[in-house]
Amino acid sequence: MTSGNVIRIVGIGGTLRENSTSLWALQHALEVVRGEGATTQLLDLRRVNLPMYQPDFELDDYEQNVQDFVRVMQHADGFLISTAAYHGSLAGLTKNALDFMEYLADAPRPYLHNKPVGLIATASGEMADVHSITAMINVVHSLRGMALPLSVPIHGAKHVFNAEGKVTSEKIAARLTQLGKMVVETAERLQNNPNAAVQA
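The sequence shown runs 1107 to 1306 under our numbering.
Structure, rendered in C-alpha coordinates:
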(Lines of atoms letter the chains of each structure in order from A and count residues from 1; the text may use other names and numbers.)
(Lines give C-alpha, C1' and ligand atoms only; values in the text may rest on other atoms or scores of the structure.)
Protein backbone atom coordinates (compact mmCIF):
# COMPACT_ATOMS: atom_id res chain seq x y z
CA MET A 1 0.00 0.00 0.00
CA THR A 2 1.47 3.33 -1.07
CA SER A 3 -1.02 5.87 0.31
CA GLY A 4 0.12 8.27 3.01
CA ASN A 5 -3.10 7.70 4.93
CA VAL A 6 -4.08 4.34 6.34
CA ILE A 7 -7.07 2.81 4.54
CA ARG A 8 -9.98 1.86 6.81
CA ILE A 9 -12.05 -1.13 5.69
CA VAL A 10 -15.18 -2.09 7.60
CA GLY A 11 -16.58 -5.60 7.42
CA ILE A 12 -20.30 -6.14 7.97
CA GLY A 13 -21.64 -9.65 8.30
CA GLY A 14 -22.76 -12.58 10.34
CA THR A 15 -26.19 -13.92 11.20
CA LEU A 16 -28.03 -14.69 14.42
CA ARG A 17 -26.70 -18.24 14.18
CA GLU A 18 -23.54 -19.30 15.98
CA ASN A 19 -20.81 -20.55 13.66
CA SER A 20 -22.05 -18.36 10.81
CA THR A 21 -20.39 -19.26 7.52
CA SER A 22 -20.92 -15.72 6.23
CA LEU A 23 -18.99 -14.40 9.23
CA TRP A 24 -16.20 -16.93 8.69
CA ALA A 25 -15.86 -15.90 5.05
CA LEU A 26 -15.76 -12.25 6.05
CA GLN A 27 -13.08 -12.87 8.67
CA HIS A 28 -10.90 -14.56 6.04
CA ALA A 29 -11.20 -11.57 3.71
CA LEU A 30 -10.52 -9.08 6.52
CA GLU A 31 -7.35 -10.95 7.42
CA VAL A 32 -6.19 -10.40 3.85
CA VAL A 33 -7.06 -6.70 4.12
CA ARG A 34 -4.87 -6.37 7.21
CA GLY A 35 -2.07 -8.11 5.36
CA GLU A 36 -2.31 -5.36 2.73
CA GLY A 37 -1.60 -2.74 5.40
CA ALA A 38 -5.13 -1.44 5.92
CA THR A 39 -6.94 -1.21 9.23
CA THR A 40 -10.13 -3.20 9.70
CA GLN A 41 -13.18 -3.15 11.91
CA LEU A 42 -15.54 -6.10 12.07
CA LEU A 43 -19.21 -5.35 12.65
CA ASP A 44 -20.60 -8.75 13.58
CA LEU A 45 -24.33 -8.12 13.28
CA ARG A 46 -25.11 -10.74 15.90
CA ARG A 47 -23.10 -8.76 18.44
CA VAL A 48 -23.94 -5.26 17.20
CA ASN A 49 -27.58 -6.19 17.82
CA LEU A 50 -29.25 -3.44 15.81
CA PRO A 51 -32.98 -2.86 16.28
CA MET A 52 -35.30 -2.62 13.31
CA TYR A 53 -34.75 0.53 11.29
CA GLN A 54 -37.48 3.06 12.11
CA PRO A 55 -37.95 5.68 9.34
CA ASP A 56 -39.63 8.12 11.74
CA PHE A 57 -36.74 8.06 14.22
CA GLU A 58 -33.87 10.54 14.35
CA LEU A 59 -30.46 8.96 14.86
CA ASP A 60 -30.34 10.34 18.40
CA ASP A 61 -33.55 8.44 19.19
CA TYR A 62 -31.64 5.15 19.07
CA GLU A 63 -29.36 3.57 21.64
CA GLN A 64 -25.62 4.24 21.47
CA ASN A 65 -24.87 1.03 19.56
CA VAL A 66 -26.85 2.28 16.57
CA GLN A 67 -25.21 5.70 16.62
CA ASP A 68 -21.77 4.07 16.83
CA PHE A 69 -22.62 1.75 13.92
CA VAL A 70 -23.62 4.64 11.66
CA ARG A 71 -20.51 6.66 12.54
CA VAL A 72 -18.19 3.73 11.86
CA MET A 73 -19.80 3.30 8.47
CA GLN A 74 -19.50 7.01 7.75
CA HIS A 75 -15.75 7.11 8.33
CA ALA A 76 -14.82 3.95 6.43
CA ASP A 77 -12.90 4.09 3.15
CA GLY A 78 -14.37 0.83 1.90
CA PHE A 79 -16.44 -2.16 2.90
CA LEU A 80 -16.72 -5.90 2.79
CA ILE A 81 -20.32 -7.07 3.22
CA SER A 82 -21.03 -10.74 3.78
CA THR A 83 -24.53 -12.16 4.04
CA ALA A 84 -26.19 -15.50 4.39
CA ALA A 85 -28.63 -16.25 1.57
CA TYR A 86 -32.14 -16.79 2.91
CA HIS A 87 -34.88 -17.87 0.51
CA GLY A 88 -33.22 -16.44 -2.57
CA SER A 89 -32.00 -13.10 -1.23
CA LEU A 90 -29.81 -11.43 1.35
CA ALA A 91 -30.60 -11.96 5.02
CA GLY A 92 -33.03 -9.52 6.60
CA LEU A 93 -30.41 -8.79 9.26
CA THR A 94 -28.03 -7.52 6.58
CA LYS A 95 -30.65 -5.47 4.76
CA ASN A 96 -31.81 -3.89 8.01
CA ALA A 97 -28.24 -2.84 8.82
CA LEU A 98 -27.85 -1.19 5.42
CA ASP A 99 -31.15 0.64 5.85
CA PHE A 100 -29.52 2.62 8.65
CA MET A 101 -27.37 4.32 6.01
CA GLU A 102 -30.36 6.61 5.47
CA TYR A 103 -28.96 8.60 8.40
CA LEU A 104 -26.02 9.50 6.16
CA ALA A 105 -28.26 10.97 3.45
CA ASP A 106 -27.21 14.53 4.30
CA ALA A 107 -23.60 13.77 5.21
CA PRO A 108 -20.81 15.53 3.28
CA ARG A 109 -20.27 12.19 1.58
CA PRO A 110 -23.82 10.82 1.50
CA TYR A 111 -24.62 7.16 2.05
CA LEU A 112 -21.72 5.01 0.75
CA HIS A 113 -20.87 7.53 -1.97
CA ASN A 114 -17.86 6.47 -4.08
CA LYS A 115 -16.72 3.89 -1.55
CA PRO A 116 -15.72 0.43 -2.83
CA VAL A 117 -17.82 -2.46 -1.57
CA GLY A 118 -16.82 -6.11 -1.86
CA LEU A 119 -19.66 -8.61 -1.61
CA ILE A 120 -19.78 -12.15 -0.22
CA ALA A 121 -22.77 -14.49 0.13
CA THR A 122 -22.96 -17.99 1.58
CA ALA A 123 -25.73 -20.52 0.97
CA SER A 124 -26.55 -24.17 1.36
CA GLY A 125 -27.92 -24.50 -2.17
CA GLU A 126 -26.50 -23.63 -5.56
CA MET A 127 -28.46 -20.52 -6.59
CA ALA A 128 -29.38 -18.44 -3.56
CA ASP A 129 -25.84 -17.12 -3.09
CA VAL A 130 -25.79 -15.67 -6.61
CA HIS A 131 -29.26 -14.15 -6.19
CA SER A 132 -28.13 -12.61 -2.90
CA ILE A 133 -25.08 -11.04 -4.54
CA THR A 134 -27.35 -9.52 -7.19
CA ALA A 135 -29.68 -8.15 -4.52
CA MET A 136 -26.77 -6.63 -2.62
CA ILE A 137 -25.42 -5.00 -5.78
CA ASN A 138 -28.79 -3.29 -6.20
CA VAL A 139 -28.73 -2.09 -2.58
CA VAL A 140 -25.14 -0.85 -2.83
CA HIS A 141 -25.89 1.04 -6.03
CA SER A 142 -28.92 2.68 -4.43
CA LEU A 143 -26.60 3.85 -1.64
CA ARG A 144 -24.16 5.24 -4.25
CA GLY A 145 -21.53 2.69 -3.34
CA MET A 146 -19.17 1.11 -5.86
CA ALA A 147 -19.83 -2.64 -5.94
CA LEU A 148 -16.56 -4.27 -6.95
CA PRO A 149 -16.53 -6.29 -10.18
CA LEU A 150 -15.42 -9.37 -8.23
CA SER A 151 -17.79 -10.95 -5.71
CA VAL A 152 -17.64 -14.25 -3.84
CA PRO A 153 -20.80 -16.39 -3.89
CA ILE A 154 -20.24 -19.54 -1.83
CA HIS A 155 -22.73 -22.38 -2.29
CA GLY A 156 -22.60 -25.57 -0.27
CA ALA A 157 -21.06 -23.36 2.41
CA LYS A 158 -21.11 -25.95 5.19
CA HIS A 159 -18.63 -28.02 3.16
CA VAL A 160 -16.27 -25.07 2.55
CA PHE A 161 -15.27 -24.44 6.19
CA ASN A 162 -13.93 -26.68 8.92
CA ALA A 163 -15.18 -26.75 12.50
CA GLU A 164 -12.85 -23.88 13.42
CA GLY A 165 -14.25 -21.66 10.67
CA LYS A 166 -11.25 -21.91 8.37
CA VAL A 167 -11.72 -22.10 4.61
CA THR A 168 -10.91 -25.57 3.28
CA SER A 169 -11.56 -24.84 -0.40
CA GLU A 170 -8.50 -23.49 -2.21
CA LYS A 171 -10.74 -21.94 -4.87
CA ILE A 172 -12.87 -20.03 -2.36
CA ALA A 173 -9.82 -19.00 -0.34
CA ALA A 174 -8.23 -17.61 -3.49
CA ARG A 175 -11.35 -15.61 -4.38
CA LEU A 176 -11.67 -14.19 -0.86
CA THR A 177 -8.00 -13.24 -0.98
CA GLN A 178 -8.47 -11.54 -4.33
CA LEU A 179 -11.51 -9.66 -3.03
CA GLY A 180 -9.68 -8.46 0.08
CA LYS A 181 -6.80 -7.14 -1.99
CA MET A 182 -9.16 -5.49 -4.49
CA VAL A 183 -11.10 -3.51 -1.90
CA VAL A 184 -7.87 -2.09 -0.45
CA GLU A 185 -6.40 -1.29 -3.87
CA THR A 186 -9.59 0.43 -5.02
CA ALA A 187 -9.97 2.43 -1.80
CA GLU A 188 -6.35 3.54 -2.06
CA ARG A 189 -6.74 4.66 -5.66
CA LEU A 190 -9.83 6.68 -4.82
CA GLN A 191 -8.09 8.25 -1.84
CA ASN A 192 -5.06 9.22 -3.94
CA ASN A 193 -7.14 10.49 -6.85
CA PRO A 194 -10.56 11.73 -5.69
CA ASN A 195 -11.23 13.18 -9.15
CA ALA A 196 -11.41 9.61 -10.49
CA ALA A 197 -14.60 9.08 -8.51
CA VAL A 198 -18.07 10.01 -9.66
CA GLN A 199 -19.18 13.41 -8.39
CA ALA A 200 -22.40 13.75 -6.40
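Heads up, the beta-carbon is just placed ideally off N, CA and C, and yes, glycines get one too.
One question on the structure: do residue i and residue j come within less than 8 Å of each other, judged by their Cβ atoms?
i	j	result
G1251	L1282	no
V1266	V1246	no
L1204	L1122	no
A1135	L1285	yes
N1244	L1296	no
L1196	A1241	yes
Y1372	V1178	In the structure as shown, the chain begins at 1107 and stops at 1306. Residue 1372 is therefore absent and cannot be evaluated.
Y1168	P1161	no
Could you tell me the boundaries of the beta strand (DSSP E) in which residue i lies?
i	result
S1257	1252-1260
Checking the sheet assignment: what are the DSSP bridge partners for residue i?
i	result
N1223	Sequence check: residue 1223 is Val here, not Asn. DSSP, once it has assigned bridges, lists F1185, A1253 as partnering V1223.
F1267	V1273
A1228	Here residue 1228 is Thr; the residue named in the question, Ala, does not match the sequence. Looking at the DSSP assignment, T1228 forms a beta bridge with A1190, I1260.
S1195	Y1192
Within its chain, find whatever has a CB closer than 7 Å to the CB of residue i; leave out the 5 residues flanking it on each side and keep chain order.
i	result
N1268	T1274
G1120	S1126, S1128, L1129, D1150, L1151, R1152
D1235	A1191, A1227, T1228, A1229, P1259, I1260, H1261
V1289	I1115, V1139, G1184, L1186, P1222, G1224, L1254
Would you give the residue range spanned by the alpha helix (DSSP H) that residue i belongs to?
i	result
V1116	Segment 1114-1119 is the beta strand (DSSP E) holding V1116; no alpha helix (DSSP H) there.
T1283	1276-1298
D1150	Note, D1150: premise wrong, no alpha helix (DSSP H); beta strand (DSSP E) at 1145-1150.
Tell me which residues share the same chain as residue i and place their Cβ nearer than 6 Å to its Cβ, disregarding the 5 neighbours each side in the sequence.
i	result
S1257	L1225, I1239
Y1159	N1202, D1205, F1206
T1292	P1222
G1271	W1130
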